[in-house]
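**Student:** Quick one: structure below, then a few questions.
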Amino acid sequence: MSSNLGIPSRADNFSEWYNELVQKADLADYSAVRGCMVIKPHGYALWENMQRALDDMFKATGHQNAYFPLFIPKSFFEKEAEHVDGFAKECAVVTHHRLKANPNGPGLIPDPDAVLEEPLIVRPTSETIIWNSYSKWIQSYRDLPILINQWANVVRWEMRTRMFLRTTEFLWQEGHTAHATYDEAEEETKTILECYRSFAEDWMAVPVVVGVKSEGEKFKGADHTYTIEALTQDGRAIQAGTSHHLGQNFAKAFDCKFQSAEGKLEYVYATSWGVSTRLIGTLIMAHSDDKGFVCPPRIAPIQVVIVPMGKDAETRERTIGVSRSMAESLRAKGLRVKIDEREKESPGAKYNHWELRGVPVRIEVGPRDLDAGSVVLARRDTAEKTTVLLDEVVSSVEAMLDAAQKDIYQKALAFREANTRRVDTWAEFQEIFSGEGGAGFVVAHWDGTQETEDAISDATKATIRCIPLVPLQPSDEEPGVCVFSGKRSARRVVFARAY
RNA sequence: CGGGGCGUAGCGCAGUUUGGUAGCGCGCAUCCAUGGGGUGGAUGAGGUCGUGGGUUCGAAUCCCGCCGCCCCGACCA
369 MSSNLGIPSR
379 ADNFSEWYNE
389 LVQKADLADY
399 SAVRGCMVIK
409 PHGYALWENM
419 QRALDDMFKA
429 TGHQNAYFPL
439 FIPKSFFEKE
449 AEHVDGFAKE
459 CAVVTHHRLK
469 ANPNGPGLIP
479 DPDAVLEEPL
489 IVRPTSETII
499 WNSYSKWIQS
509 YRDLPILINQ
519 WANVVRWEMR
529 TRMFLRTTEF
539 LWQEGHTAHA
549 TYDEAEEETK
559 TILECYRSFA
569 EDWMAVPVVV
579 GVKSEGEKFK
589 GADHTYTIEA
599 LTQDGRAIQA
609 GTSHHLGQNF
619 AKAFDCKFQS
629 AEGKLEYVYA
639 TSWGVSTRLI
649 GTLIMAHSDD
659 KGFVCPPRIA
669 PIQVVIVPMG
679 KDAETRERTI
689 GVSRSMAESL
699 RAKGLRVKID
709 EREKESPGAK
719 YNHWELRGVP
729 VRIEVGPRDL
739 DAGSVVLARR
749 DTAEKTTVLL
759 DEVVSSVEAM
769 LDAAQKDIYQ
779 KALAFREANT
789 RRVDTWAEFQ
799 EIFSGEGGAG
809 FVVAHWDGTQ
819 ETEDAISDAT
829 KATIRCIPLV
839 PLQPSDEEPG
849 VCVFSGKRSA
859 RRVVFARAY
């Protein structure tokens, strides 16, 4: 299959296709720092749209934004045993606060006289620094709940990075809430989980499996972890968002107690939850094609691009005039519109330019159309072109955007269904994962033990993505026997190779 | 950290085997023509060949060291 990017198609080399697409669609660029990327304006606009939608959901469910420090004292990290275990090996550590000229050669060295008394960790996540504050803020049940979110950057020193999916520094939001009861915290995790599901499906048009993580895959320090799991076009799972019930683990680690209405001292219950710029990687891998980025209209940085044509000044004046008034009408409807008035580019070049960048709808304004009182609308996701009358442009564009939003979701859903298999024998399970790369979702019985989960992962590199809260199919909740051990299984779980 | 690959113009590459003082395509600038799926032509700008050392009359090219990045794996959102 030929590619308009001048790079391998998805079928040829999915990984290379992805890397090239991210750069050529103007979303991000490599930086001078290993594993860290520059998010370019087009990519950042996408992130801002995601932020806005999510932030509105958080506010609507009673949360407020705040900001905690980038640095965390090392000792804070040592307080929650499982948490240390999970993050210690990927922490950036600040040990000095000053540089000085190197006495033995050129350049600068950390000043040996400027060693920090206690090293600071660049936050990989903020539970510890936040719970240190919460323990000061909470005395009574009247102080609860605390429902705080922060938009921040975090650093995890991963061995291997990948644009948007896993970078050393990444942007995210992390919610941290404090509650008087287990049940209230549980309700909070579910509320957020539903926000994430809705955002993924209704805004990003990415269908997700909503479920709970196995013990081995949960957040380190959590009681249990909920997740939304997406499927990429190369058949891998992506954990797109998580919502953790932290129980009283962090309250105990930071000695955070409150006095109940009955006068008893109790530890606070906690949740934390987050989504990151990984969502952008998920979005690209779910929908994009060999012509470039395909973006659902609701979050597209530019929803409509208008391409006026004309070889002579008079014609250009005419098509640009119409384009501008059309843009005004569309913007009045709240749409994000761009007019491509560049003179030196040919129309074809402009089509490719904006298709690569994922603009959902293009309006072609040429003299031949205007003579007939019409323009041409072109849809990014289907390549469909239709001619519409000038006074129907606004309604037609709105209808086309709505249709694209729905169709992109339906296409992804159909893909997931076609790549979800129910497997009952270990031979078949191994056969499915015998190749390299992704193999879709496999829904199979599991005996619930860590040993079996590890054994399956060792043999196939497939992991349990989640135990669905709502079965993908009613029969998935019927008991059976484990695909690996043959022991009893209460229900089917979802396996996949993951990013 | 293991395996692989790559560092030459903004980007993609050739040149390295066999040392002789740097080239192609795209992009960029200016002008002319062109304009409904990456438009054609003319002219022009742009490179201490990743870095340090060595061999040599002479090094992008040969030798030794170092650094960086990308891809695959182990780890992970």
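The first sequence begins at 369 in the numbering used here and counts up by one.
Glycine included, every Cβ here is placed at the ideal spot set by N, Cα and C.
Predicted model, so just to flag it, every value in this text is computed and none were measured.
Looking only at C-alpha atoms, which of SER501, PHE801, THR820, GLY411 sits nearest to ALA621?
**Tutor:** Residue mapping note: residue 621 aligns to position 253 of the first sequence, counting from 1. Cα-wise, what sits closest to ALA621 is SER501.
**Student:** Can you pull the DSSP bridge partners for HIS655?
**Tutor:** Along the first sequence, read from residue 1 onward, the residue named residue 655 stands at position 287. None; HIS655 has no bridge partner.
**Student:** Using a threshold of 8 Å, state whether the C-beta atoms of ILE707 and MET653 are closer than that.
**Tutor:** The sequence position of residue 707 within the first sequence is 339, counting from 1. The sequence position of residue 653 within the first sequence is 285, counting from 1. The answer is no: Cβ separation not under 8 Å.
**Student:** Run through DSSP, which three-state label would ASP814 get?
**Tutor:** Within the first sequence, residue 814 is the residue found at index 446, counting from 1. The question names Asp, but residue 814 in the sequence shown is Trp. Three-state result, TRP814: coil.
**Student:** Which same chain residues end up closer than 6 Å to ASN433 when comparing Cβ atoms and leaving out the 5 residues on each side of it in sequence?
**Tutor:** Looking up residue 433 in the first sequence gives position 65. Same-chain partners within the cutoff: ASN517.
**Student:** Quick one: what does DSSP say ALA807 is sitting in, helix, strand or coil?
**Tutor:** Numbered from 1 along the first sequence, position 439 holds the residue referred to as residue 807. Looking at ALA807 - three-state DSSP - the assignment turns out to be coil, as it is neither helix nor strand.
**Student:** Which parts of the stretch 450 to 515 are runs of the alpha helix (DSSP H), unbroken and 4 residues or longer, counting only runs that do not cross its ends?
**Tutor:** Listed in chain order, they are 495 to 505.
**Student:** Less than 8 Å between the beta carbons of ASP826 and ARG856, yes or no?
**Tutor:** As a first step, residue 826 is located in the first sequence; it is residue number 458 there, counting from the start. As a first step, residue 856 is located in the first sequence; it is residue number 488 there, counting from the start. Not closer than 8 Å, so no.
**Student:** Can LEU745 and VAL727 be called in contact, C-beta distance under 8 Å?
**Tutor:** As a working mapping, residue 745 is identified with position 377 in the first sequence. As a working mapping, residue 727 is identified with position 359 in the first sequence. Taking 8 Å as the Cβ cut-off, LEU745 and VAL727 do not qualify as a contacting pair.
**Student:** Do you know offhand how far TYR635's Cα is from GLU555's?
**Tutor:** Numbered from its first residue, the first sequence carries residue 635 at position 267. Numbered from its first residue, the first sequence carries residue 555 at position 187. Taking the straight line from one Cα to the other gives about 18 Å.
**Student:** For a quick check, are the C-beta atoms of LEU599 and SER640 less than 8 Å apart?
**Tutor:** For the purposes of this step, residue 599 is identified with residue 231 of the first sequence, where counting begins at 1. For the purposes of this step, residue 640 is identified with residue 272 of the first sequence, where counting begins at 1. No, the Cβ-Cβ distance between LEU599 and SER640 is not below 8 Å.
**Student:** Please go through the stretch 672 to 725 and give each complete alpha helix (DSSP H) segment of 4 or more residues, from N-terminal end onward.
**Tutor:** Complete alpha helix (DSSP H) runs here, min 4: 681 to 700, 715 to 724.
**Student:** Are there 16 or more other CB atoms within 10 angstroms of the CB of SER443, so buried, or fewer, so exposed?
**Tutor:** Indexing the first sequence from 1 puts residue 443 at position 75. Result: exposed.
**Student:** Have a look at the DSSP bridge pairing and note the partners of PHE863.
**Tutor:** Reading the first sequence from its first residue, position 495 is the one you call residue 863. Answer is VAL810, ILE832.
**Student:** If we count the other Cβ atoms within 10 Å of its Cβ and call it buried at 16 or more, is ASN617 buried or exposed?
**Tutor:** For the purposes of this step, residue 617 is identified with residue 249 of the first sequence, where counting begins at 1. Result: buried.
**Student:** Can you tell me whether LEU316 is buried or exposed? The criterion is at least 16 other CB atoms within 10 Å of its CB, across all chains shown.
**Tutor:** Residue 316 is absent from the model: the chain starts at 369 and stops at 867.
**Student:** I need the DSSP call for TYR868, collapsed to helix, strand or coil.
**Tutor:** Because the chain here runs from 369 to 867, residue 868 falls outside it and cannot be looked at.
**Student:** To the nearest angstrom, how far is it from the Cα of GLY689 to the Cα of VAL733?
**Tutor:** Looking up residue 689 in the first sequence gives position 321. Looking up residue 733 in the first sequence gives position 365. The straight-line gap from Cα to Cα measures roughly 10 Å.
**Student:** Go ahead and pull the three-state DSSP assignment for GLY430.
**Tutor:** Here residue 430 refers to the residue found at position 62 of the first sequence. Reduced to three states, the DSSP call for GLY430 is coil.
**Student:** Pick helix, strand or coil for MET425, following the three-state DSSP scheme.
**Tutor:** Within the first sequence, numbered from 1, the residue matching residue 425 stands at position 57. If DSSP states are grouped into helix, strand and coil, MET425 belongs with the helices.
**Student:** Answer yes or no: do VAL810 and VAL791 have a C-beta to C-beta separation smaller than 8 Å?
**Tutor:** Residue mapping note: residue 810 aligns to position 442 of the first sequence, counting from 1. Residue mapping note: residue 791 aligns to position 423 of the first sequence, counting from 1. Result yes, Cβ atoms of VAL810 and VAL791 sit closer than 8 Å.
**Student:** When DSSP labels each residue in this structure, what does SER640 get in the three-state scheme?
**Tutor:** Reading the first sequence from its first residue, position 272 is the one you call residue 640. Note: SER640 maps to strand in three-state DSSP.
**Student:** Where VAL390 and MET531 are concerned, what is the direct C-alpha to C-alpha distance, given to the nearest angstrom?
**Tutor:** Against the first sequence, residue 390 aligns to sequence position 22. Against the first sequence, residue 531 aligns to sequence position 163. Roughly 8 Å between the two C-alpha positions.
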